[in-house]
Amino acid sequence: MYFKKLLLIVLIIFTEKNIFAQCAIENWSIEKRTELSSLIVEGKVIKLNSFRSAYSKAIYTATVIEVYKIFKGNINGSKTIEIITFGGQIGNELHRADPELELSKDETGVFLLVNNEVKLSDNIKNNGIPEFQGVASLQSLISYDLMYNKAFDGEKTYYGIETELYEKLQDLTGLKFYEVKNSAINFNLFKNRKLSSPEIKSFVQSSANSGTGDILTIKGTGFRNTRGNGRIEFLDANYGDGRRVKTPFAADYKVWNDTMISVRIPTRAGTGTISLATYDSNYFTTSTSFKINFAHLNASFAPSGGSTQYFTTDHVNDNGKGGYTFQMNYRFKNNNNMVNTFLKSLETWRCQTFMNWEVGRDTSINKIEPDQVNIVKLTKNANNVLATCYSYWNGCYVSGTEMEWYVTELDIEADSTRNWYYGTGNPSGSQYDFQSVISHELGHGHQLGHVIASQEMMHWSISPGQKKSSLSSNDIAGGTYVKDKSIKMNVCSGAKLIALNSTNCGYTKPTAGFKASLLNICESKDVVFTDTSKGIIKTYLWKFDNGASSASKTGKGPHTITYSTTGFKTIKLFTTNDFGTDSTVKTNYIEILPTKPPMPQNLKFKDTTCIGTSTYVVDTFNGNYNLTWLFPPEASEIGGGKYSKQVNWTSSGGPFKILVKSQNLCGSSDSLTGSVWVMNNPVPSFTATENGREVTFTNTSQFADSYKWYFGDSDSSSLLNPVHIYPLGKAYVAVLKATNICKTVVFSKTVNPYHPAHIYNRAKNEIYFSPNPVVDQILTSEKVLSYKIFDIAGKELLWGDKKNINFEKFEKGFYILNLKLLNGENLIFKIIKKGE
Ligand SMILES: [Zn+2]
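Residue numbering for the sequence shown follows our numbering, starting at 26 and increasing by one per position.
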């Protein structure tokens, strides 16, 4: 149950969310169509009359519409109108156009129309019914679904005909509709249906083709035992918007009983759900989808003595060369882009289905009519049609009501006013791709109808900006099916078609192309060149440039080549067939790399350097090489690029080796090297030995080359270990500047060249007094309890218990110092007072 629901949802999204134009027509909005229409009516198809144009031998159809309501324009009291469309049947001759508004009896909806421009035959012109044409080809009919009260208009579905659709049209015209005749349309057949509804429970197969005679067999309940007006309805592949194509001919129903129906799948049937209507107006729509792979165009015809039925159409040997010859009108031929693109489309089909189509000489014929000339021409369409394929068919009787039908002629017409895209890339959002549109029309020429499968060439729509350059497997299967049945037997008076084959199907000169397995290759290593050319190719010529193991090659390849010389190589490929030669030259496409790249040159550096930042540079060079720099652990890289590096030396010493070499994916060069000594910054230090005011400086600095001393008394020296006598007995700041190539570093220290005299133990039990003579101060020690000073005559001059004795005021001469120690000992020194 879940599976069924999911399928239904997918289908709804697909059918109602498309933004495409139908077939080869541009999508016109309802606003645009309403504005351009001179007449908008609601009505029903009651009759179709074919006639031959008064201007050409082409057959048209005048479809009589019973008019119910007029939304725009007027028809001067008439109750019916006629819509003139290309195609129809007279005698055993049938014409059709793709795209074209294709109406069938009982079709009901809103018709958007303009005044007729087709030259009518007298019997139509004079029948008193006003004639019109669709304003926008297929988009001229908003189709009613009376079962569910819906109206389909391409990308828009109206849910409620009397409400949504009428309101929309009245809004757009600004007019209330005028009722010509009570339609007696029952808009709610489904709501009002009787209760015993039929139910389709299964399909015997899940996919088939339409218009080929394939039968769909359905099983279920409540189908009723007689068909009457009962019918099977498929989604209409001309629109893909949800509207349905009915299967009206009795001949199409092989079985109809209460539980099983077998029906021939009609040409317009597209992939989607299947509906069943019983003779008593009961209705059922499946939730599962039935897949249509491809569609074959059919002639619907009532043979004499039989009822209307579908006939398949075959190709014949029309030109005596096995198939059909297209001839380009001069105006088309003058457009090189159109011609080349047409030939590409033609070749695409020729080489996939082997349909025997060729292009003959140009023609001045410009008329769309059966004239034995399959023309390819330009036109200026007033409506939204981009391109049209016209098929002309003849039928003949085989026996009884058995008939054969075949293609007598095809004409192809392209609108000259479009913004066409002819390239191999992608068209812009406002361009239509000429190749895609022409390939689609040639699909119709193959006698294929539309499918509902957006990626296939025969999908019912193409949008601007869309490109379909190749055929799908279903497109090919469909074209091959028609070709295969056409080559089997002669049809009517025509000889059978003769198929092409892969050696003679080419129709354009090839497009040369190739690729290399690698773009950077080591010398003497393999590189493989692979052909990517498009089209039919008879001969190849490869040129591999100098140093190649083979200078040139013929044949498709792939070709494996090695090179003995390095550098860039230019590769050329020439491809030729009966229609010409194409070449691709890829200049400097590959590069052959040496296994030993050249060594980098000219390393610039200082062989003696300092702790901190240093820069290393080599010459720049051409060529695809990387450089590898190698520094010892004492140097950390901090910046630079390919050709230069900045490092931070963190340790002194040496010699340190630095290396640089070039590298590619094939190998490395020898290394260019440099040897570096890293100097420490100077570390200045000194000791100062004072001897009174004479100070001996001993230099203990490291790493310095030269020194400068500033003693602090305005004197200086450059000696290594100077001895300096200070003028005063006081503290000075002595400065040593130590210098090497890296830096000058300053060290300073306070020296005090004056020492107060004091007592100390120089060695065990040897007590000294120093200096002597005394200048001004005497320092005693902690062990001293008290002191006394006597002159030389023994006279006591001073006494006390301080640790500092001021001797400044004493006159020059000799004195006696008597110290009494804490341990009771007495020490006596002879002191000299020095004069100034
Ligand atoms: Zn089409």
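Here a beta-carbon is modelled for each residue, glycine too, at the ideal position from N, C-alpha and C.
### Task
Give me every residue whose Cβ sits closer than 5 Å to any heavy atom of ligand 1, in chain order.
Selection output, chain order preserved: 48 and 123.
### Message
Does residue 485 come out as helix, strand or coil in the three-state DSSP assignment?
### Response
Numbered from 1 along the sequence shown, position 460 holds the residue referred to as residue 485. In the structure shown, residue 485 sits in coil (DSSP, three-state: anything other than H, G, I, E or B).
### Message
I'd like the list of long-range same chain contacts for residue 384, defined as Cβ closer than 6 Å, with 5 residues on each side in sequence excluded.
### Response
Position 359 of the sequence shown, counting from 1, holds the residue named residue 384. Hits under 6 Å: 351.
### Task
Assign residue 376 to one of three DSSP states: helix, strand, or coil.
Here the question's residue 376 lines up with position 351 in the sequence shown. If DSSP states are grouped into helix, strand and coil, residue 376 belongs with the helices.
### Task
Starting from the C-beta of residue 96, find all residues in its chain whose C-beta is less than 6 Å away, skip the five residues before and the five after it, and write them out in chain order.
Sequence index remark: in the sequence shown, residue 96 carries index 71 (1-based). If we look at residue 96 and ignore the five residues flanking it on each side, its Cβ neighbours are 65, 194, 198 and 202.
### Query
Looking at the C-beta of residue 681, does it have a partner C-beta in chain D at a distance below 8 Å?
You won't find chain D in this structure, because it holds only one protein chain.
### Message
If we require 3 or more residues per run, which beta strand (DSSP E) segments fall completely within the region 334-376?
### Response
Taking only runs of at least 3 residues, the beta strand (DSSP E) segments lying wholly in the region 334-376 are 334-339 and 349-353.
### Task
Determine the direct distance from the alpha carbon of residue 413 to that of residue 177, and round the result to whole angstroms.
Here the question's residue 177 lines up with position 152 in the sequence shown. Here the question's residue 413 lines up with position 388 in the sequence shown. The straight-line gap from Cα to Cα measures roughly 24 Å.
### Task
Tell me residue 269's beta-bridge partners as DSSP assigns them.
Here residue 269 refers to the residue found at position 244 when the sequence shown is read from its first residue. Beta-bridge pairing links residue 269 to 260.
### Message
With distance defined between alpha-carbon atoms, name the residue in 144, 557, 832 and 841 nearest to residue 79.
### Response
Along the sequence shown, one-based indexing puts residue 79 at 54. Of the listed residues, the one whose Cα sits closest to residue 79 is 144.
### Query
Which whole-angstrom value describes the C-beta separation of residue 408 and residue 162, a residue pair presumed to lie in contact below a C-beta threshold of 8 Å?
Translated into positions along the sequence shown, residue 408 becomes position 383. Translated into positions along the sequence shown, residue 162 becomes position 137. Right, the Cβ-Cβ distance comes to about 5 Å (below 8 Å), so this counts as a contact.
### Message
Do residue 519 and residue 398 count as a contact pair if the criterion is CB distance below 8 Å?
### Response
For the purposes of this step, residue 398 is taken as the residue at position 373 of the sequence shown. For the purposes of this step, residue 519 is taken as the residue at position 494 of the sequence shown. Against a cut-off of 8 Å, the Cβ pair of residue 519 and residue 398 comes out as no contact.
### Residues that DSSP places opposite residue 727 in a beta bridge
As a working note, residue 727 is residue 702 in the sequence shown. Its beta-bridge partners are 708.
### Message
Going by DSSP, what residue range makes up the beta strand (DSSP E) through residue 80?
### Response
The residue given as residue 80 occupies position 55 in the sequence shown. Here residue 80 belongs to no beta strand (DSSP E), and DSSP marks it neither H nor E.
### Task
Report the option in 360, 423, 353 and 422 whose CA atom is closest to the CA atom of residue 392.
Counting from 1 along the sequence shown, the entry for residue 392 is found at position 367. Minimum Cα distance to residue 392 is reached at 353.
### Task
Just mark residue 850 as buried or exposed, buried being the case when its beta carbon has 16 or more other beta carbons within 10 Å.
Residue mapping note: residue 850 aligns to position 825 of the sequence shown, counting from 1. So residue 850 ends up on the exposed side.
### Query
What are the partner residues of residue 718, as DSSP defines its beta bridges?
Here residue 718 refers to the residue found at position 693 of the sequence shown. Paired residues: none, contrary to the question.
### Task
Measure the alpha-carbon distance for residue 344 versus residue 401 and round it to whole angstroms.
Within the sequence shown, numbered from 1, the residue matching residue 344 stands at position 319. Within the sequence shown, numbered from 1, the residue matching residue 401 stands at position 376. Their Cα atoms are separated by approximately 16 Å.
### Query
Using CA coordinates, which residue listed in 561, 559, 593 and 627 is at the minimum distance from residue 572?
Your numbering for residue 572 matches position 547 in the sequence shown. When each option's Cα is compared against that of residue 572, the closest is 593.
### Query
DSSP three-state call for residue 809: helix, strand or coil?
Translated into positions along the sequence shown, residue 809 becomes position 784. If DSSP states are grouped into helix, strand and coil, residue 809 belongs with the strands.
### Query
Among the residues of its own chain, which have a CB less than 6 Å from the CB of residue 368, if the five just before and after it don't count?
Counted from its first residue, the sequence shown places residue 368 at position 343. Here the set comprises 532 and 533.
### Query
Taking C-alpha atoms, which residue in 154, 567, 550 and 159 lies nearest to residue 587?
Position 562 of the sequence shown, counted from the start, is the residue given in the question as residue 587. Looking at the Cα atoms, 550 is the closest of the given residues.
### Task
Report the rounded CA-to-CA distance for residue 191 versus residue 167, giving the unit in angstroms.
Position 166 of the sequence shown, counting from 1, holds the residue named residue 191. Position 142 of the sequence shown, counting from 1, holds the residue named residue 167. The alpha-carbon atoms of residue 191 and residue 167 are separated by roughly 12 Å.
### Task
Assign residue 856 to buried or exposed, taking buried as 16 or more other Cβ atoms, counted over all protein chains shown, within 10 Å of its Cβ.
Counting from one through the sequence shown, the residue named residue 856 turns up at place 831. So residue 856 ends up on the buried side.
### Task
Please report how far the alpha carbon of residue 293 lies from the alpha carbon of residue 540, in whole angstroms.
To locate residue 293, count along the sequence shown from 1; it is residue 268. To locate residue 540, count along the sequence shown from 1; it is residue 515. One C-alpha to the other measures close to 45 Å.
### Task
Would you give the residue range spanned by the beta strand (DSSP E) that residue 436 belongs to?
Taking the sequence shown and counting its residues from 1, the one referred to as residue 436 is at position 411. Note, residue 436: beta strand (DSSP E), 427-440.
### Unbroken stretches of the beta strand (DSSP E), 3 residues or longer, contained in the region 617-690
633-635, 637-642, 651-655, 660-665, 669-674 and 678-689
### Task
Please confirm if the region 293-311 is in contact with the region 263-273, defined as three or more CB-CB distances below 8 Å between the two stretches.
yes
### Query
Just the Cα atoms here: how many angstroms apart are residue 808 and residue 797?
Numbered from 1 along the sequence shown, position 783 holds the residue referred to as residue 808. Numbered from 1 along the sequence shown, position 772 holds the residue referred to as residue 797. Cα to Cα, residue 808 sits roughly 20 Å from residue 797.
### Query
Taking Cβ positions, are residue 735 and residue 701 nearer each other than 8 Å?
Here residue 735 corresponds to residue number 710 of the sequence shown, with the count starting at 1. Here residue 701 corresponds to residue number 676 of the sequence shown, with the count starting at 1. For residue 735 and residue 701, no; Cβs fall outside 8 Å.
### Message
Assuming residue 703 and residue 681 are in contact, meaning their beta carbons sit under 8 Å apart, how far apart are those beta carbons, in whole angstroms?
### Response
Sequence index remark: in the sequence shown, residue 703 carries index 678 (1-based). Sequence index remark: in the sequence shown, residue 681 carries index 656 (1-based). That belief holds up - the Cβ atoms of residue 703 and residue 681 are roughly 6 Å apart, short of 8 Å.
### Task
Determine the extent of the beta strand (DSSP E) in which residue 123 is found, giving its start and end residues.
As a first step, residue 123 must be located in the sequence shown, where it is residue number 98. Per DSSP, residue 123 belongs to the beta strand (DSSP E) from 118-123.
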